[in-house]
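These protein sequences, in sequence, are chains A and B. Heads up, the first sequence is in our numbering, so the first residue is 1 and it goes up one at a time. Heads up, the second sequence is in our numbering, so the first residue is 752 and it goes up one at a time. The beta carbon of each residue, even a glycine, is placed where N, CA and C say it ideally should be. All values derive from a computational prediction rather than experimental measurement.
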Amino acid sequence: MILGLGGRSLGKIHGWLAVAFEGAALLTGLWIALTELGAAHPYHDASFVWLGLPDGTNFVMGTLVSPLGALMLIVVNVVGLLVVLYSNEYMAHEDGLPRYYAELMLFLAAMNGLVLSDNYLEFILMWELVGVCSYLLIGFFWRKPEAASAAKKAFIVTRVGDVLFFLGVFIFFSSLGHLTAPPTLAGTVASTYPGTSCPASPVDPSWSCLGFTFTLPNGNSDTPFLSAGAALQAANYGRSSWLPTLAGLLILGGAAGKSAQFPLHTWLPDAMEGPTTVSALIHAATMVAAGIYLLAITSIYIGFTLTAAVVIVGIGGFTSFFAGTMGLASPDIKRVIAYSTISQLGYMAMGVGASSVIVDLTNPLADATLNASGVPMFHLFTHAFFKALLFLSAGAVIHAVGTQDIFKMGGLRKAMPITSTAMLVGGLALSGIPPFAGFFSKDDVLGLTWKAATQDGSWMLYAFFGFALLGVLLTALYTFRLWFLVFSGASSRDLPPADEGHGHGAPAALASSSASEAHGGTKETPAGATHSVLASSSAPSGPAHSPAVHSGPRDPSWIMSVPLVVLATLAIVAGFIPLIPGFSNLLPGLSWTVMGECVSHCPSGAAFDPTDAMLGGLSLALAVVGILIAWSFWGNGKVYRIPTGSALAVPHRILLRKYYFDEVYDGFATHVILGISRGADWVDRYIIDGTIRGIEEIFSQASKTGRRLQTGVVSNYAAWVVVGLLAFLVFFLYVVPWLVSGAHVSLTPGL
Amino acid sequence: MSVPLVDILSLSGALFALGIFGVLTRRNFILILISVEVITNAAILNFIAFSFYSPGPAAGGITGQSIAVILVGLAATEVAVGLAIVLALNRLRGTLNVAEAIQLKF
Numbered sequence: 001m002i003l004g005l006g007g008r009s010l011g012k013i014h015g016w017l018a019v020a021f022e023g024a025a026l027l028t029g030l031w032i033a034l035t036e037l038g039a040a041h042p043y044h045d046a047s048f049v050w051l052g053l054p055d056g057t058n059f060v061m062g063t064l065v066s067p068l069g070a071l072m073l074i075v076v077n078v079v080g081l082l083v084v085l086y087s088n089e090y091m092a093h094e095d096g097l098p099r100y101y102a103e104l105m106l107f108l109a110a111m112n113g114l115v116l117s118d119n120y121l122e123f124i125l126m127w128e129l130v131g132v133c134s135y136l137l138i139g140f141f142w143r144k145p146e147a148a149s150a151a152k153k154a155f156i157v158t159r160v161g162d163v164l165f166f167l168g169v170f171i172f173f174s175s176l177g178h179l180t181a182p183p184t185l186a187g188t189v190a191s192t193y194p195g196t197s198c199p200a201s202p203v204d205p206s207w208s209c210l211g212f213t214f215t216l217p218n219g220n221s222d223t224p225f226l227s228a229g230a231a232l233q234a235a236n237y238g239r240s241s242w243l244p245t246l247a248g249l250l251i252l253g254g255a256a257g258k259s260a261q262f263p264l265h266t267w268l269p270d271a272m273e274g275p276t277t278v279s280a281l282i283h284a285a286t287m288v289a290a291g292i293y294l295l296a297i298t299s300i301y302i303g304f305t306l307t308a309a310v311v312i313v314g315i316g317g318f319t320s321f322f323a324g325t326m327g328l329a330s331p332d333i334k335r336v337i338a339y340s341t342i343s344q345l346g347y348m349a350m351g352v353g354a355s356s357v358i359v360d361l362t363n364p365l366a367d368a369t370l371n372a373s374g375v376p377m378f379h380l381f382t383h384a385f386f387k388a389l390l391f392l393s394a395g396a397v398i399h400a401v402g403t404q405d406i407f408k409m410g411g412l413r414k415a416m417p418i419t420s421t422a423m424l425v426g427g428l429a430l431s432g433i434p435p436f437a438g439f440f441s442k443d444d445v446l447g448l449t450w451k452a453a454t455q456d457g458s459w460m461l462y463a464f465f466g467f468a469l470l471g472v473l474l475t476a477l478y479t480f481r482l483w484f485l486v487f488s489g490a491s492s493r494d495l496p497p498a499d500e501g502h503g504h505g506a507p508a509a510l511a512s513s514s515a516s517e518a519h520g521g522t523k524e525t526p527a528g529a530t531h532s533v534l535a536s537s538s539a540p541s542g543p544a545h546s547p548a549v550h551s552g553p554r555d556p557s558w559i560m561s562v563p564l565v566v567l568a569t570l571a572i573v574a575g576f577i578p579l580i581p582g583f584s585n586l587l588p589g590l591s592w593t594v595m596g597e598c599v600s601h602c603p604s605g606a607a608f609d610p611t612d613a614m615l616g617g618l619s620l621a622l623a624v625v626g627i628l629i630a631w632s633f634w635g636n637g638k639v640y641r642i643p644t645g646s647a648l649a650v651p652h653r654i655l656l657r658k659y660y661f662d663e664v665y666d667g668f669a670t671h672v673i674l675g676i677s678r679g680a681d682w683v684d685r686y687i688i689d690g691t692i693r694g695i696e697e698i699f700s701q702a703s704k705t706g707r708r709l710q711t712g713v714v715s716n717y718a719a720w721v722v723v724g725l726l727a728f729l730v731f732f733l734y735v736v737p738w739l740v741s742g743a744h745v746s747l748t749p750g751l
Numbered sequence: 752m753s754v755p756l757v758d759i760l761s762l763s764g765a766l767f768a769l770g771i772f773g774v775l776t777r778r779n780f781i782l783i784l785i786s787v788e789v790i791t792n793a794a795i796l797n798f799i800a801f802s803f804y805s806p807g808p809a810a811g812g813i814t815g816q817s818i819a820v821i822l823v824g825l826a827a828t829e830v831a832v833g834l835a836i837v838l839a840l841n842r843l844r845g846t847l848n849v850a851e852a853i854q855l856k857f
C-alpha cells in the first residue's frame, strides 16, 4: 500500500491518478482498521532485520497496526483522499502539477508509514520524510520568496524539535539496548532481570514483579513499544527518575516542534504560504498529527514521569490559550485557521499530558489501564475533519475572491451558500457547539484534564486548565469573527461587477494585501474604503491564484464541493463515532459522555458525573459567549477594527506581530548564535591555528639556524660526513657496549 | 713468506686517513677526486687482505677478490662521473676550485 501510494504519474491525468491511488489507499486503510476492530491482538510483523549488529542488536523494519495507528490510518486517508480530489480543481491553474501530486502522495505515504511503524527508528525515518515533504509542499510556490523562506522556517524550526526527539530516543536505546523489544513484555523484563520473580510470558491481564504491576492494555500481549516501557520502568525503579523524565521531555520537544506547540509554534502560521490544500493536509491529517501521535504512543507504550506529564499539560494548555490570542488579531483567513490549529493541538497535547499525569510512570501503583490517550486522539480524529473542512472552505473563498484578507471580504453568504454553510459547520465544530464533533472531543479533553488536576492537586494543573478554558472562549470568538467578516452582511457588501474591478484594481490589491501582512488591522482604513477595496480584490494577490470567476464569487464546482460536503457531514457525525461497537479498541480510555451522562464505554460505576456535566456546561457557555461577542463586533456586516491610538492598539499590535517571537528568534540567531560563532571562530583562529602556527614557527626558526650549515662548499660537507662517520663509530664501539653492560648483560665475559 | 694481516690493515687505515685528509683539505676538484680514489683503494685492500687470510678457499677464498675486482670497476665509473663533473664545472665556472662553486649555499 505504501509503495502504491507513491505512484508518480505524469501527463494530464496525474491528478485523477492520484485520486485513484489515494482511494485505493483509503480502502486498504479502512480494511486494516476494521480488521483491527475485531482483532484480539494487533497485527505485528517485525521479520525484516534492517541492520544487524555483531553484538546481537537488531534494528528491525516492522509493521505494527496499533489501535491508535489504525485510527490514524482512517484519518490520514479520508482527509488525504478529499484533499487530493479537491486539488484537482483548486490547483488546476498552477505549474508543476506532477511535482505537486508526487509530493502530496509521498507525504501521505510517509504518514501512513509513520503510523504503521513498530519502533522508534522506523518512526524517525518516516517522521523525517513527513518533515521534508512539508518543506517541499510549503515551498511549492518557490518563486515567491515568502514561500521559500516559510518552507525553510518550517524545516528548521521542526528540526530543533527533531534533534530533541533523537536525543530522547538515544536515551531509550542506551537504557534498553534496543528499540524494538523481544516479542513479549514479560520476556523482556525476565531476561533483563534474571533471577527475579518476573514471569517469562505475560500473564493476562496483569502480574507483579520488581515492585511493579504490569498490565496489558486491551489484553494485547504483543506490544513492542510497551515492552520497552516496562523495561525502562523496571530499570529505573528505586532510582532517581531524572532519566525517564529527561527522555519524556525530549520526546515532548520533538512533538512540540512537529505539532507547533509553544515555543516552537512559529513555523505554522508562516506555512500558510503553501497551497491551501497543503495547509489542510498538514493541519488535519499529516504533519502536526504526527507530533500528537508520537506523544500518545509514547504515553501508552512507555509512559511519562509525573514531571514530564505536568510539563506537557502546561505546554498544551498554555498553547491553546496563547495561539487563540494571536488568532484574534490576524487579518489573514488562513492564518486565523492556522492559529486555531495550534490552539487545538494544544488541547490534544494537554489531553495526553493529563492522561499521563493519571498514569504516572514513577508511581508503581498506577494502573496502566487507566491511560486515556484515546481522549486526545479522539479530539485529533474529529479535529482532522473539521479543520480540513475549514481549510478547504477557506480555499474555496480564496479561489473565488482572490485575496486572503478577511477585511476585504464580506457578504459572501448569498454568493457561496455551500461554502458558507460548510464553514459554519466547521466553525461550530471548532467552537465546541453540540451536536458538532468538536463538542464531544474537546469536552472529553477538558474533563480529563480536570480529572488529572483533581487527582494530582497541583495548582499548576488548575492554572493550565484555566488557560484551556479561556482558550475555548477565544476559539469561539476568533472563529466567528472570521465567519462573520467573510460571509455575513447584506447585499451592500456584494461585489460590484467584475470588469470594473479588473480595470484599476490590480496594483491596489497587490499593494494593500502585502501591506496588510505587515500592518493588518492597525492600518487606518475607514470601513467605507474597505468596501471599495473589495471591488479590486478579484485581482490575483493570494498565492498566485488566478481567479476562476469573472462574474463575482460563487461556489466552486462539484470537484471542490464534494469534499466540502463530505467533510461537513463528517464534522457533524464524527462526534458520534465512538458509538460504533468495537471502536473503543481504537481509542483506549475514552468514555463517551454527554454533559456528564455517560452513554458509551463507561467506566464501571458512575453513570452520571456531575463535575463533567458542569464542565461541559461551562465550556459550552464560554463558546456561546465567544460567538455572541463576535456577533456584537463583527456580526451582520459590521467591520470593527481596533482604532489606532486606543488602549487596545498596543496589545493588538503585539498580537499581530505574534508576540515578537520571530523577532526574538531572529535576534537570538543574529546575536547569540552569531556571537557564539564569533567566539568559536576566534578560538579556531587564534588558539587552534595559533598552536599550529607556533609549531610552524619553531621549525621555521630552527631551519633558519640550521641552514647556516649549508655553506655550499663541498669540503665542508665532506667534513660533516667524516664527523658523522666518527660519531657512528664512537656510538657503536663505545656507547652501545656501555649501555648493554649497564643493563647487566655482559656480551664479552672475561675481557 | 707472508705479510702479517695487521700490517696490511695498518696500511689500509693509513691510506684511508690520507684520503680523508686529502678530501677535506684540497680545494682543487681533481685532487679531491684522487683522494676519493685513495679511500676506495684502502677499502679494496681490506677486502683482499681478509680474502687472503680467510680460512680455506671454500669459505672465503675467491669472494673477497671478486668484490675487489668489482670495486675497481666501480672506481672506474666513479672517475668517469667525477671527471664529467670536472669538465662541466670547468666549462661553467672557469675554475676547479670547490670553494668558489657554492650555489647551494643557503
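Length of the line joining the Cα atoms of residue i and residue j
i, j, result
"residue 735 of chain A", "residue 704 of chain A", "31 Å"
"residue 144 of chain A", "residue 275 of chain A", "12 Å"
"residue 189 of chain A", "residue 131 of chain A", "Residue placement at residue 189 of chain A is flagged as unreliable, the pLDDT there being 45, under the threshold of 50; the coordinate-derived value follows with that caveat. Computed Cα separation, rounded: 35 Å."
"residue 251 of chain A", "residue 688 of chain A", "37 Å"
"residue 234 of chain A", "residue 295 of chain A", "For residue 234 of chain A, the predicted structure reports a pLDDT of 48, less than 50, and the residue's modelled location is therefore unreliable. A value from the coordinates is still provided. Roughly 21 Å between the two C-alpha positions."
"residue 346 of chain A", "residue 116 of chain A", "24 Å"
"residue 455 of chain A", "residue 341 of chain A", "29 Å"
"residue 856 of chain B", "residue 708 of chain A", "8 Å"
"residue 186 of chain A", "residue 297 of chain A", "Residue confidence is low: residue 186 of chain A scores 41 on pLDDT, short of 50, so the model does not pin down where it sits. Its coordinate-derived value is still stated next. Near 19 Å, if we compare the C-alpha coordinates of residue 297 of chain A and residue 186 of chain A."
"residue 307 of chain A", "residue 160 of chain A", "22 Å"
"residue 574 of chain A", "residue 263 of chain A", "31 Å"
"residue 260 of chain A", "residue 568 of chain A", "25 Å"
"residue 351 of chain A", "residue 373 of chain A", "7 Å"
"residue 388 of chain A", "residue 305 of chain A", "34 Å"
Spatial neighbours of residue i in its chain, beta-carbon cut-off 6 Å, leaving aside the 5 residues before and after
i, result
"residue 281 of chain A", "83"
"residue 339 of chain A", "323, 326 and 327"
Other residues of its chain near residue i: CB distance less than 8 Å, five sequence neighbours each side excluded
i, result
"residue 100 of chain A", "87, 91, 94, 137, 140 and 275"
"residue 766 of chain B", "789, 790, 792, 793 and 796"
Expected contact under 8 Å - CB spacing of residue i and residue j to nearest Å
i, j, result
"residue 311 of chain A", "residue 357 of chain A", "Contact doesn't hold; Cβ gap of about 10 Å is too wide."
"residue 475 of chain A", "residue 431 of chain A", "6 Å"
"residue 157 of chain A", "residue 266 of chain A", "6 Å"
"residue 124 of chain A", "residue 169 of chain A", "7 Å"
"residue 753 of chain A", "residue 110 of chain A", "This structure leaves residue 753 of chain A out entirely; chain A is present only between 1 and 751."
"residue 823 of chain B", "residue 714 of chain A", "Between residue 714 of chain A and residue 823 of chain B the Cβ distance is about 25 Å, and since that is not below 8 Å, they are no contact."
"residue 834 of chain B", "residue 718 of chain A", "About 18 Å separates the two Cβ atoms, so there is no contact after all."
"residue 354 of chain A", "residue 463 of chain A", "So it is not a contact: roughly 14 Å between Cβ atoms."
"residue 299 of chain A", "residue 319 of chain A", "About 17 Å; that fails the 8 Å criterion."
"residue 433 of chain A", "residue 623 of chain A", "6 Å"
Residues that residue i contacts on chain B, provided the C-beta gap is smaller than 8 Å
i, result
"residue 677 of chain A", "Under the 8 Å cutoff, chain B gives no residues; its nearest Cβ is about 44 Å from residue 677 of chain A."
Per-residue contacts from residue i into chain A (C-beta, under 7 Å)
i, result
"residue 849 of chain B", "713, 714 and 715"
Interface partners of residue i on chain B, CB under 9 Å
i, result
"residue 722 of chain A", "771, 774 and 775"
"residue 793 of chain A", "Past the boundaries of the shown model lies residue 793 of chain A; chain A is included only from 1 to 751, so the question cannot be answered."
Own chain, CB closer than 7 Å to residue i, minus 5 neighbours either side, in chain order
i, result
"residue 741 of chain A", "none"
"residue 393 of chain A", "419, 422, 423, 426 and 564"
"residue 483 of chain A", "423, 424 and 427"
"residue 756 of chain B", "800 and 804"
Per-residue contacts from residue i into chain B (C-beta, under 7 Å)
i, result
"residue 719 of chain A", "775"
Residue-level contact to chain C via CB, residue i, 9 Å cutoff
i, result
"residue 853 of chain B", "Checking the listed chains, one finds no chain C in this structure; the protein chains it contains are A and B."
Touch test, the stretch 372-386 of chain A against the stretch 434-441 of chain A, Cβ-Cβ under 8 Å, three pairs minimum: yes
Segment contact flag, the stretch 754-764 of chain B with the stretch 777-788 of chain B, C-beta cutoff 8 Å, min 3 pairs: no
Segment contact flag, the stretch 318-334 of chain A with the stretch 283-294 of chain A, C-beta cutoff 8 Å, min 3 pairs: no
Contact between the stretch 445-454 of chain A and the stretch 615-624 of chain A (3+ Cβ pairs under 8 Å): yes
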